[in-house]
Each structure stands twice: as C-alpha cells, then as structure tokens.
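The sequence shown begins at 10 in this note's numbering and counts up by one.
The C-beta atom is built at its ideal place from N, Cα and C for all residues, glycine as well.
One structure below.
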Amino acid sequence: MKVALIHDWLTGMRGGEKVLEVLCRVFPEADVYTLVHVPGSVSKTIESHRIVPSVLQKFPGIEKRYRHALPLMPWAVRRFDLSGHDLIISSSHCVAKGVRRPPNALHICYCHSPMRYIWDQFDDYFGPGRASGPVRAAMSLLRRPLQRWDIASNSGVDAFIANSHNVASRIKRFYNREADVIHPPVDLSRFP
C-alpha cells in the first residue's frame, strides 16, 4: 500500500508536526507533501521521508512569508499529483485536507482545526490592530470564497479525525461532518 501524508507547512516543530512525526513512524515509507518546507526545521523522523513541497516553494522569501500566500494555498494544494497512492492522510489546520484524492484511494483527515482565520477567529487574525488596513480589506473580500472552498474541499475526505471534542464540534458546525476523536501525542510529564 502506497501512503501519502499531507501537512500544511513544515517550518517548525509545533503540535501538528508532532502528529505528523507519529504518522511518519507508523508509515515509514510514506511520501510527505507540504506547501512549504524549510529544511532542518522539523524532526529527523520527518526529514528522513521524501518531502515534496508545492509550487509555492519556488516563491522568493516564502519560507518566512508563507502565511501571506493563504489566498494561493487552495490552488497549490490541489496541484499535488497523488496518483498511485492508496491511502492519503492529511494533517490539516489550513488547506491540506483539500488535496485531490486519486480514484480508489482512501482519504483520512486528522483535523487540528477548521481554518480558524476564515471562520470563528477571523477578527483575532484580521481585526483592527491585528492586521493592516489593506490586509483586512483583502481578507474581508477573500473570506467568503475561502469558506466556500473549505466546505467544498470536504467532499474529498472520506473520514475526519479530530484532535479534541472541541475540534469535532467545530467540524460539525462548519462542515456538517462527524469526526472521531483521537487526542494528539502530548508529553504529559511537562505539566505538574
């Protein structure tokens, strides 16, 4: 069975990357597809896989300004050629779940969150004092098209897994889809 792991971007080791790291251990032969990859920014486990960045990787300075490419991300993630893969697992908090699923492949999305910046936390990211006037204006125009794409892209997901009951309820609210909950790997010894 040929497996593809899809992750929004590889620019540091945060919670989503820890989930991807576990998936890389479970599927040691899997290809990893991502919008942007900063070599050396993630664990050796992830880096040991074949990493395929999107066309966005060719943009000058994208490693530091990848978030500015949000309007292009749906287009970029749809350009991945996953033909020949039998199992697609997306680790998504942005657009990774929107990849084109090859015929006869199974697509499971481990959802860290529906895109917060276009749904219920829009003002936290683009409200007054958070973003410049031109950015707020542009995102106000792009918000609805991005929401429509986000909903439409669910048709290529066979099953959702949420990282918490809160995220499962947000998946239900925004996508009208059910999600099983599998909590992410967390080092509980760090908490007293």
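- prompt: Is the distance from the Cβ of Ile15 to the Cβ of Val144 below 8 Å?
  reply: no
Residues that DSSP places opposite Phe200 in a beta bridge: Note: Phe200 sits in no beta bridge, so no partner.
field: Beta-carbon spacing of Val104, Asp17 below 8 Å
entry: yes
task: May I ask you to report which of helix, strand or coil DSSP gives Leu115?
output: strand
- prompt: CA-CA distance, Lys73 and Ser141?
  reply: 18 Å
query: Would DSSP call Thr43 helix, strand or coil?
result: strand
query: Span of the alpha helix (DSSP H) holding Leu150?
result: Gly142 to Ala161
- prompt: Just checking my contact of Leu151 with Ser100 at CB under 8 Å: how many whole Å lie between their CB atoms?
  reply: Contact doesn't hold; Cβ gap of about 24 Å is too wide.
Arg59 and Asp40 closer than 8 Å at C-beta: yes
- prompt: Which of helix, strand or coil does DSSP assign to Ile15?
  reply: strand
- prompt: Cys118 and Val166 look like a contact to me (Cβ under 8 Å); what is the Cβ gap, rounded to whole Å?
  reply: 5 Å
task: Would you check if the stretch 45-57 and the stretch 130-138 touch, i.e. whether three or more CB-CB distances between them fall below 8 Å?
output: no
query: Can the beta-carbon of Asp95 be found less than 8 Å from the beta-carbon of Met10?
result: yes
query: In chain order, what residues of the same chain lie with their CB nearer than 6 Å to the CB of Pro194, ignoring the 5 residues before and after it?
result: Lys27 and Val31
- request: List the residues that DSSP assigns as beta-bridge partners of Pro137.
  value: BP columns for Pro137 are empty, so no partner.
- prompt: Quick one, are the C-beta atoms of Arg186 and Phe200 less than 8 Å apart?
  reply: no
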